[in-house]
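**Q** Sharing a structure, written as structure tokens. Questions coming.
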Amino acid sequence: MSDLRFEGQVAVVTGAGGNPGLGRAHARYLAARGAKVVVNDLGVGPDGRGVVGARADAVVREICEQGGQAVADTHSVATEEGAKAIVQTALDAFGKVDILVNNAGVVEFALFEELSEADIHKILDTHLMGTIWMCRAVWPHMKQAGYGRIVNTVSGSLLGARYASVYGASKGGILGLTRNLAIEGADIGIKVNALAPGAATVAWTTMSADQAKPSPDILAKLSPDFVSPTVGALAHTSCSVSGKCIGSEGGNVFELWYGRTAGYTDHDLDSHDVHLNWSQVVDRAGQREIGDPFDGCAGFTLTPRAYRSN
């Protein structure tokens with residue numbers, strides 16, 4: 367079978383200048399299969415300080431040398447103005463945006479109490495707010511076209527990891543955003559999914575302690591190139607799912623989802639009851655899956671009052 371193709375499609379990939387990097391791999395993958403690509407990267411690298419560099423123009427050159435079409439963009443995703451400018455780059459160069467891959471990010475490997483205020487803002491502004499601003503920037507264009515594919519990058523750290531408190535919090539926010547945008551996009555042709563990748567990127571290879579750096583064998587097994595086919599599937603016109611969280615690492619593709627236990631019920635509940643019946647509260651023997659966000663299993667159906675901005 368031939369691989370999925372993207373002729374006539376325009377993709378924006380943020381944080382795509384690192385090498386090795388997930389964004390670079392995604393941009394090259396989509397371009398090699400016919401997409402016109404905006405390669406966005408601020409150029410400061412995964413540390414956010416420029417110690418580890420990233421070059422959007424270098425990735426564009428790679429793509430063009432292989433016969434693809436791409437342009438570079440160096441605006442920041444962390445502000446509303448920057449996100450709009452990135453989308454405008456796509457509109458000016460190619461006339462539309464069909465695909466958005468939110469990949470830009472910075473990391474600080476540190477204990478919660480060690481993070482500076484500036485580091486906290488940097489992580490949240492790039493990951494969470496950057497994803498929000500980019501989705502907001504493409505949304506009206508995709509809505510008008512009646513079509514769009516958005517892939518938001520999350521991480522296993524949203525489930526818990528040492529040295530990743532604020533980073534994991536931002537990724538948890540992105541997953542919540544993804545599931546809720548899937549609901550809003552369902553009626554207007556926009557599908558929004560989350561990607562939880564595992565790869566030996568420049569952040570891992572340059573910012574980890576020496577004893578934690580990946581070996582050559584791990585580098586080969588966890589190349590970012592193994593993740594990009596999953597991005598291709600989620601970004602393609604044939605993608606039928608929305609609101610999913612799909613993991614991808616080393617050629618293994620899987621779904622992550624929420625679940626809940628049957629729990630303990632008492633309509634005269636007090637805190638002592640919760641304490642005495644804790645084993646039943648957390649007993650996973652009767653667990654059930656919490657469904658996709660728009661299938662009626664995930665939570666509440668709300669009818670808002672007329673929105674009024676301040």
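Positions in the sequence shown are counted from 1; adding 366 to them yields this note's numbering.
No residue lacks a Cβ here, since even glycine has one placed at the ideal position from N, Cα and C.
Which term fits Asp639, buried or exposed, when burial requires 16 or more other beta carbons within 10 angstroms of its beta carbon?
**A** exposed
**Q** Which residue comes first and which comes last in the alpha helix (DSSP H) that contains Lys587?
**A** 582-587
**Q** What are the partner residues of Phe592, as DSSP defines its beta bridges?
**A** Paired residue(s): none; Phe592 is not in a bridge.
**Q** Using only CA atoms, which one of Ser614, Asn469, Leu481 lies nearest to Met495?
**A** Asn469
**Q** Output the distance between the C-alpha atoms of His392 and Ala382, rounded to the nearest integer angstrom.
**A** 8 Å
**Q** What's the gap between the Cα of Gln510 and the Cα of Cys501?
**A** Between the C-alpha atoms of Gln510 and Cys501 there is a straight-line separation of about 14 Å.
**Q** By the three-class DSSP mapping on this structure, what secondary structure does Gly387 have?
**A** coil
**Q** Starting from the Cα of Ser521, find the closest Cα among Gly625, Thr380, Ile612 and give me that residue.
**A** Ile612
**Q** Write down the C-beta distance between Gly471 and His493 rounded to the nearest angstrom, noting that I regard them as a contact closer than 8 Å.
**A** 5 Å
**Q** Who are the near neighbours of Gly677 in its chain, counting only those whose CB is closer than 6 Å to its CB and skipping five residues on each side?
**A** The shown model of the chain, from 367 to 676, leaves out residue 677, and the question about it has no answer.
**Q** Could you check the C-alpha separation between Val627 and Ile486 for me, to the nearest Å?
**A** Checking the displayed sequence, the identity of residue 627 turns out to be Thr instead of Val. Spanning the two alpha carbons is a distance of roughly 33 Å.
**Q** Helix, strand or coil, according to DSSP, for Thr492 in the structure here?
**A** helix
**Q** Are there 16 or more other CB atoms within 10 angstroms of the CB of Phe620, so buried, or fewer, so exposed?
**A** So Phe620 counts as exposed.
**Q** Could you check whether Ala397 and Gln454 sit closer than 9 Å to each other, using their CB atoms as the reference points?
**A** no
**Q** Can you give me the start and stop residues for the beta strand (DSSP E) that Phe620 sits inside?
**A** 618-622
**Q** Can you grab the Cα-Cα spacing for the pair Ala686 / Asn618, in whole Å?
**A** Residue 686 falls outside the range modelled here, since the chain spans only 367 to 676, and no answer is possible.
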